[in-house]
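Visitor: One structure, as structure tokens, below. Some questions next.
Number of protein chains: 2
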Amino acid sequence: MDRHRPWKTLTSREVYKADPWVRVLDERLELPNGKIVPSYHRILLPDYSMVFPVLEDGRVLMIRSYRQGPGEIVLGFPGGGIDAGETPEAAARRELREETGHAAASWMSLGAGLTGANVRGAKCHMFMALGCRKIAEPHSGDLEEQELLSLSRDELAAYLQENRFVILAYAAIAARALLEWKNR
Amino acid sequence: MDRHRPWKTLTSREVYKADPWVRVLDERLELPNGKIVPSYHRILLPDYSMVFPVLEDGRVLMIRSYRQGPGEIVLGFPGGGIDAGETPEAAARRELREETGHAAASWMSLGAGLTGANVRGAKCHMFMALGCRKIAEPHSGDLEEQELLSLSRDELAAYLQENRFVILAYAAIAARALLEWKNR
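Same order as they appear, the protein sequences are chains A and B. Residues in the first sequence are numbered from 1 upward in steps of one, following the numbering used here. Residues in the second sequence are numbered from 1001 upward in steps of one, following the numbering used here.
Have a look at this one:
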């Protein structure tokens, strides 16, 4: 018996919606073994792109700002929602420009992942932007001012190893990017 | 002016709830600059623990299973919700035992992060379990059978570098753990 067949969605009921921010689905599922799951929640959030920006001098450009999720001031990376018709990489370029005023000489994908294994959540697209330099003033249009700062590679590695990131996606892109560097 | 004061929550209305799986809050916020945000969503999901299990021979123990979030069969790590009164590390030990039948010789924290920067989501607690050996048969009680397999450190590094993880938390713990190894 193949233990890995997909589950079957028998019914999917939208129980909450606030366009374009969140949709909550309450689904009735049938497993491959015939078992019925009467109520299983999925939460659909907008996909977004996130950037690990490396400056021309090799330091990493970061953002310090208040985030409502943890309710505290955190150190993180530029990023934001993907506009309609925009590719994830185009969104990454735009967010880097808007939030930091920087442009990159080259880009590479660091993969994409869903923030929820069971509920789905959002898909986070991660990019490394190399050779970043300032071309304009930031004008993010976001709700709050953001403070730009830069860390050396060693400072960032220490920050990660001391488990100081409070947002999972920031830890993910930092670890993925540092590993990429070490593999070269 | 301090640009990094917290936002003020003026009202918080619960617009959807399915205990214990999900709570959706629609909040009215006031920013430090006085601006009012009339509707800002927060989504509270149960916190969970996740384990990066290293076997006695140095290979990494992983799980292949169908996940409803992406709607596909994925490679990942053991983990699950934290029971009432349980510490994150105790939940990690229990999930490792239940899902894989393994126990570890020693444990270390790889940090914790929220799956949402704006909405909060769940807090994911990451642990590295060293010297894992099989002590029983798995009996996870989860909805589906799970296939256990192991990867060498190089195989896992290649899997990560090829951007093959589809769940962000799995990529995060893999990158964080591989980096920890390289730092030793």
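Positions of the beta carbon are idealized from the N, C-alpha and C atoms, including for glycine.
1. Tell me which residues of the segment 1010-1030 of chain B have at least one Cβ-Cβ distance to chain A shorter than 8 Å, keeping chain order.
2. Indicate the three-state DSSP secondary structure (helix, strand or coil) for residue 87 (chain A) in the structure shown.
3. Keeping to the same chain, check which residues put their C-beta closer than 6 Å to that of residue 1001 (chain B); ignore five residues upstream and five downstream.
4. Can you pull the chain B neighbours of residue 165 (chain A), defined as C-beta to C-beta under 7 Å?
5. Considering only residues of the segment 1038-1075 of chain B, which uninterrupted beta strand (DSSP E) runs meet the minimum length of 3 residues and lie entirely inside it, listed in chain order?
6. Counting C-beta neighbours from all protein chains within 10 Å, is the total for residue 1056 (chain B) 16 or more, i.e. buried, or is it exposed?
7. Measuring CB to CB, does residue 175 (chain A) end up less than 7 Å from residue 1179 (chain B)?
8. Between the alpha carbons of residue 1185 (chain B) and residue 100 (chain A), how many angstroms are there, rounded?
9. Using a Cβ distance threshold of 8 Å, determine whether the segment 72-80 of chain A contacts the segment 1119-1138 of chain B, with at least three qualifying pairs required.
10. Am I right that residue 1121 (chain B) and residue 69 (chain A) are in contact with their C-beta atoms under 8 Å? What's the rounded C-beta distance?
11. So, with DSSP's three-state summary, where would you put residue 1099 (chain B)?
12. Under 7 Å between C-beta atoms, does residue 993 (chain B) make it to chain A?
13. State the CB to CB distance for the pair residue 1073 (chain B) and residue 4 (chain A), rounded to an integer number of angstroms; the pair is presumed to be in contact (CB under 8 Å).
14. Apart from the five residues just before and just after residue 20 (chain A), which ones in its own chain have a Cβ nearer than 7 Å to its Cβ?
15. Who are the near neighbours of residue 24 (chain A) in its chain, counting only those whose CB is closer than 6 Å to its CB and skipping five residues on each side?
16. For residue 1001 (chain B), which of helix, strand or coil comes out of DSSP?
17. Taking only beta-carbon atoms, is residue 70 (chain A) less than 7 Å away from chain B?
18. Rounded to whole angstroms, what is the Cα-Cα separation between residue 1118 (chain B) and residue 1033 (chain B)?
19. The segment 1072-1099 of chain B: which residues have C-beta closer than 9 Å to a C-beta of chain A, in chain order?
20. Just checking: is the beta-carbon of residue 58 (chain A) within a distance shorter than 7 Å of some beta-carbon in chain B?
21. Where do the ends of the beta strand (DSSP E) carrying residue 1026 (chain B) lie?
22. In three-state DSSP terms, what is residue 105 (chain A)?
23. Is the separation between the beta-carbon of residue 110 (chain A) and that of residue 102 (chain A) shorter than 7 Å?
24. Residue 1182 (chain B) versus chain A: which residues are under 7 Å apart at the beta carbon?
25. Can you name the residues of chain A whose CB is closer than 9 Å to the CB of residue 1036 (chain B)?
26. Where residue 1165 (chain B) and residue 49 (chain A) are concerned, what is the direct C-alpha to C-alpha distance, given to the nearest angstrom?
27. For residue 1060 (chain B) and residue 1066 (chain B), what's the separation of their Cα atoms in angstroms?
28. Starting from the beta carbon of residue 966 (chain B), find every residue of chain A whose beta carbon is closer than 7 Å, and list them in chain order.
29. For a test of the three-state rule: what should DSSP assign to residue 1011 (chain B), helix, strand or coil?
30. State the DSSP-derived secondary structure class of residue 180 (chain A), mapped to helix, strand or coil.
31. Who are residue 120 (chain A)'s beta bridge partners in DSSP?
32. DSSP three-state call for residue 126 (chain A): helix, strand or coil?
33. Output, in chain order, the set of chain A residues within a Cβ distance shorter than 9 Å of residue 1159 (chain B).
34. What does DSSP give as the partner residue(s) for residue 1112 (chain B) in the beta ladder?
35. How many whole angstroms separate the CB atoms of residue 89 (chain A) and residue 127 (chain A), which I take to be in contact at a CB cut-off of 8 Å?
36. Excluding the 5 residues flanking residue 105 (chain A) on each side, which residues of the same chain have their C-beta closer than 7 Å to its C-beta?
Guide: This is what the structure gives:
1. The segment 1010-1030 of chain B vs chain A, Cβ under 8 Å: 1015, 1016, 1018, 1021, 1022, 1024, 1026, 1029.
2. Counted from its first residue, the first sequence places residue 87 (chain A) at position 87. Here residue 87 (chain A) sits in coil by DSSP.
3. Within the second sequence, the letter at position 1 stands for residue 1001 (chain B). Low confidence applies to residue 1001 (chain B): its pLDDT is 42, below 50, so where it sits in the model is not reliable, and the reading given next is rough at best. Excluding sequence neighbours, residue 1001 (chain B) sits near nothing in its chain.
4. Here the question's residue 165 (chain A) lines up with position 165 in the first sequence. Ordered by position in chain B, the residues that pass the 7 Å Cβ test against residue 165 (chain A) are 1111, 1113.
5. 1048-1055, 1060-1067
6. Indexing the second sequence from 1 puts residue 1056 (chain B) at position 56. Per the 10 Å Cβ criterion, exposed.
7. Along the first sequence, one-based indexing puts residue 175 (chain A) at 175. Along the second sequence, one-based indexing puts residue 1179 (chain B) at 179. Yes.
8. Limits of chain B in this structure are 1001 at one end and 1184 at the other, which puts residue 1185 (chain B) out of reach.
9. no
10. Within the second sequence, residue 1121 (chain B) is the residue found at index 121, counting from 1. Within the first sequence, residue 69 (chain A) is the residue found at index 69, counting from 1. Sure, about 7 Å apart at Cβ, within 8 Å.
11. One-based indexing of the second sequence puts residue 1099 (chain B) at position 99. Here residue 1099 (chain B) sits in helix by DSSP.
12. Residue 993 (chain B) lies beyond the residue range present for chain B, which begins at 1001 and ends at 1184; the question has no answer from this structure.
13. Position 73 of the second sequence, counting from 1, holds the residue named residue 1073 (chain B). Position 4 of the first sequence, counting from 1, holds the residue named residue 4 (chain A). Their Cβ separation, rounded to whole angstroms, is 5 Å, which keeps residue 1073 (chain B) and residue 4 (chain A) in contact under 8 Å.
14. Numbered from its first residue, the first sequence carries residue 20 (chain A) at position 20. 46.
15. Taking the first residue of the first sequence as 1, we reach residue 24 (chain A) at position 24. Taken in chain order, the residues that qualify are 15, 16, 43.
16. For the purposes of this step, residue 1001 (chain B) is taken as residue 1 along the second sequence, with counting starting at 1. Summary for residue 1001 (chain B): the model assigns pLDDT 42, below 50, so the residue's position carries little reliability; its value from the coordinates is reported in the next sentence. For residue 1001 (chain B), the three-state secondary structure derived from DSSP is coil.
17. On the first sequence, residue 70 (chain A) is found 70 positions in, with the first residue counted as 1. It does; some Cβ of chain B falls within 7 Å.
18. The residue given as residue 1118 (chain B) occupies position 118 in the second sequence. The residue given as residue 1033 (chain B) occupies position 33 in the second sequence. Rounded to the nearest angstrom, the two C-alpha atoms are 19 Å apart.
19. 1072, 1073, 1074, 1076, 1079
20. On the first sequence, position 58 is the one that residue 58 (chain A) refers to. Cβ-Cβ to chain B under 7 Å: no for residue 58 (chain A).
21. As a position in the second sequence, residue 1026 (chain B) is number 26, starting the count at 1. Where residue 1026 (chain B) is concerned, the enclosing beta strand (DSSP E) stretches over 1022-1030.
22. Within the first sequence, the letter at position 105 stands for residue 105 (chain A). Three-state result, residue 105 (chain A): coil.
23. Translated into the one-based positions of the first sequence, residue 110 (chain A) becomes position 110. Translated into the one-based positions of the first sequence, residue 102 (chain A) becomes position 102. For residue 110 (chain A) and residue 102 (chain A), no; Cβs fall outside 7 Å.
24. Start at 1 with the first residue of the second sequence, and residue 1182 (chain B) comes out as number 182. Neighbours of residue 1182 (chain B) on chain A, chain order: 182.
25. Translated into positions along the second sequence, residue 1036 (chain B) becomes position 36. Ordered by position in chain A, no residue passes the 9 Å Cβ test against residue 1036 (chain B), which lies about 11 Å from the chain.
26. The residue given as residue 1165 (chain B) occupies position 165 in the second sequence. The residue given as residue 49 (chain A) occupies position 49 in the first sequence. Residue 49 (chain A) has its alpha-carbon roughly 16 Å from the corresponding atom of residue 1165 (chain B).
27. As a working note, residue 1060 (chain B) is residue 60 in the second sequence. As a working note, residue 1066 (chain B) is residue 66 in the second sequence. So the two alpha carbons sit approximately 20 Å from each other.
28. Any property of residue 966 (chain B) remains undetermined from this structure, which presents chain B solely from 1001 to 1184.
29. Start at 1 with the first residue of the second sequence, and residue 1011 (chain B) comes out as number 11. It is a strand residue.
30. The residue labelled residue 180 (chain A) in the question sits at position 180 within the first sequence. Note: residue 180 (chain A) maps to helix in three-state DSSP.
31. In the first sequence, counting from the first residue as 1, residue 120 (chain A) sits at position 120. Partner residues in the beta bridge of residue 120 (chain A), as assigned by DSSP, are A:43.
32. As a first step, residue 126 (chain A) is located in the first sequence; it is residue number 126 there, counting from the start. Three-state result, residue 126 (chain A): strand.
33. Looking up residue 1159 (chain B) in the second sequence gives position 159. Within 9 Å Cβ-Cβ: nothing; residue 1159 (chain B) doesn't reach chain A, min ~10 Å.
34. As a first step, residue 1112 (chain B) must be located in the second sequence, where it is residue number 112. Partner(s): B:1125.
35. Here residue 89 (chain A) corresponds to residue number 89 of the first sequence, with the count starting at 1. Here residue 127 (chain A) corresponds to residue number 127 of the first sequence, with the count starting at 1. Right, their Cβ atoms sit about 6 Å apart.
36. Position 105 of the first sequence, counted from the first residue, corresponds to residue 105 (chain A). 130, 131.
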